[in-house]
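Sequential numbering of the sequence shown, starting at 28, is according to the numbering used here.
Quick reminder that beta carbons are idealized off the backbone N, C-alpha and C, glycines included.
Structure, as structure tokens:
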Amino acid sequence: MAGVRAGRRWPLGAQHIALLLWGGWLGTHWVVFSFARGIFHEYYTTVMGPAVAALAGAGTVALWREWFESGGRRGFLPTALFLTATWEAFIINREPELRRWLLPVLAAGIAFGLLGPLAVRWLKVRRWAGPGAQVATALAVLVLLVAPTCWSVAVVVAPGNPVIPNADPTALVGSERRGPGPFPFGTRPGENDKLVEFLRANRRNERFLVVAAESMAVSSIIIETGEPAVSLGGFMGADPTVTEEQFAQMVRDGVVRFVLSGGPAAGMRPPGGFPFPPPGGGPPGGPGNSPIMGWVRAHGKEVNPDLWRTDGPEGERSRRPGPGGPPGFMNRLYDCRPELGLLVPAAGAGGARSDAPNGPAPNGGQK
Numbered sequence: 028m029a030g031v032r033a034g035r036r037w038p039l040g041a042q043h044i045a046l047l048l049w050g051g052w053l054g055t056h057w058v059v060f061s062f063a064r065g066i067f068h069e070y071y072t073t074v075m076g077p078a079v080a081a082l083a084g085a086g087t088v089a090l091w092r093e094w095f096e097s098g099g100r101r102g103f104l105p106t107a108l109f110l111t112a113t114w115e116a117f118i119i120n121r122e123p124e125l126r127r128w129l130l131p132v133l134a135a136g137i138a139f140g141l142l143g144p145l146a147v148r149w150l151k152v153r154r155w156a157g158p159g160a161q162v163a164t165a166l167a168v169l170v171l172l173v174a175p176t177c178w179s180v181a182v183v184v185a186p187g188n189p190v191i192p193n194a195d196p197t198a199l200v201g202s203e204r205r206g207p208g209p210f211p212f213g214t215r216p217g218e219n220d221k222l223v224e225f226l227r228a229n230r231r232n233e234r235f236l237v238v239a240a241e242s243m244a245v246s247s248i249i250i251e252t253g254e255p256a257v258s259l260g261g262f263m264g265a266d267p268t269v270t271e272e273q274f275a276q277m278v279r280d281g282v283v284r285f286v287l288s289g290g291p292a293a294g295m296r297p298p299g300g301f302p303f304p305p306p307g308g309g310p311p312g313g314p315g316n317s318p319i320m321g322w323v324r325a326h327g328k329e330v331n332p333d334l335w336r337t338d339g340p341e342g343e344r345s346r347r348p349g350p351g352g353p354p355g356f357m358n359r360l361y362d363c364r365p366e367l368g369l370l371v372p373a374a375g376a377g378g379a380r381s382d383a384p385n386g387p388a389p390n391g392g393q394k
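Following this line, the structure appears as structure tokens:
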């Protein structure tokens, strides 16, 4: 309707451009999400929110003008309100805790919004026909926003899974659905401090403070410090971004020095293995980056964990993530330019050079 009201003109006006922008935004994501394969979470669809809001707003204004400019002879607006309310009722009806009060509110508001203008016309109260119809229609539009508001507010005020967020309005009435517990990616407060201090002390004008295969290993470092820490392969480390030779050249050019390489800790691999291990390399660091991580292990030297890893309670290190990594993944730190030597940061000071460039390699690691 907004497109029809905008008319057909060339060059395109602001309304046409807006419709192309938001319509293209919504249509593109609809196609991608409809045919995408692999891991998919509901919160991905939030990227469609701005387009839905913009198109809904433009459509409401266009329908409003069409309805009142025609004197109520064209029924596009009442039809759109009725169909939207029907769809909302279908969704609300699946939530027993909400439908007891939200369905009556929706039904009463829409009934008033649709029947109010007709009743005014039937009674032939011309003095109040225009204002009364506008108030009733505005109320119907506002009632349609109640349910989306409940879903939106639930994300902000109700506790939920921070890793896989989900709009669960039942949490607003104290009966939050209990699914699997959150998978606590990331780190505890302050757990990266020792690692970041070590990396900063040994940075020799490299562009990146540290590089890792997957974003989970560096995201908390970026958030806490603002330092340029990067992941080679995206969320799970499976996206090929640079080749092995390109990465080796980055090391030779002084762009990269330290690399966090994760691997599952002892006893943390589920029966039958992980559901996402790539051939030739376990998580993180999918098939696209396995050659790079192999190059790092072959040409770099593992840094003694005592120099950078924060110790937890006795016996906990092997059962919890290293800094920046998910549970069950023991991060190892590799120095790809060991000839530069290492500085051991002193508390509150710059740091002192270690006698051994990388300290004793644990568990027979390369030295």
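Excluding five sequence neighbours on each side, which residues of the same chain lie with their C-beta closer than 7 Å to the C-beta of residue i?
i	result
residue 252	223
residue 323	286, 288, 361, 363
residue 78	49, 52, 53
residue 372	224, 225, 228, 378
residue 233	281, 282, 283, 284
residue 335	221, 222, 225, 360
residue 275	322
residue 367	231
residue 420	Missing from the structure shown is residue 420; the chain here goes from 28 to 394 and no further.
residue 316	240, 259, 260, 264, 267
residue 136	166, 167, 170
Which same chain residues end up closer than 8 Å to residue i when comparing Cβ atoms and leaving out the 5 residues on each side of it in sequence?
i	result
residue 104	90, 91, 93, 94, 164
residue 220	337
residue 256	235, 236, 237, 238, 239, 245, 248, 249
residue 114	none
residue 376	Residue placement at residue 376 cannot be trusted, given a pLDDT of 46 that sits under 50; what the coordinates show is reported in the next sentence. Closer than 8 Å at the Cβ level, and outside the excluded window around residue 376, lies no residue.
residue 130	116, 119, 120
residue 109	137, 141
Could you spell out where the alpha helix (DSSP H) holding residue i opens and where it closes?
i	result
residue 179	173-184
residue 285	Looking at the DSSP string, residue 285 is not in any alpha helix (DSSP H); the run it does join, the beta strand (DSSP E), is 285-288.
residue 56	41-62
residue 92	76-96
residue 367	Counting along the chain, residue 367 falls outside any alpha helix (DSSP H), and DSSP gives it neither H nor E.
residue 115	103-119
residue 223	220-228
I need the boundaries of the beta strand (DSSP E) containing residue i, first residue and last residue.
i	result
residue 360	359-362
Starting from residue i, follow its DSSP beta bridges and name the residues at the other end.
i	result
residue 239	258, 287
residue 133	Answer by DSSP bridge pairing: none, since residue 133 is not bridged.
residue 328	362
Excluding sequence positions up to five away, which residues of its chain have a Cβ less than 6 Å from the Cβ of residue i?
i	result
residue 177	196
residue 254	236
residue 68	191
residue 47	none
residue 278	363
residue 120	126
residue 81	49
Under a CB-based cut-off of 9 Å, is residue i close to chain C?
i	result
residue 371	Protein chains in the displayed structure number just one, and chain C is not present.
* **Length-filtered (4 minimum) alpha helix (DSSP H) runs lying within the segment 243-280** => 246-252, 271-279
* Say whether the segment 69-76 touches the segment 185-196, bearing in mind that this needs 3 or more beta-carbon pairs closer than 8 Å, one atom from each stretch. => yes
* Hey, is the segment 133-143 in contact with the segment 165-174, meaning 3+ C-beta pairs nearer than 8 Å? -> Two segments are said to touch when three or more pairs of C-beta atoms, one from each, lie closer than 8 Å; by this definition the segment 133-143 touches the segment 165-174.
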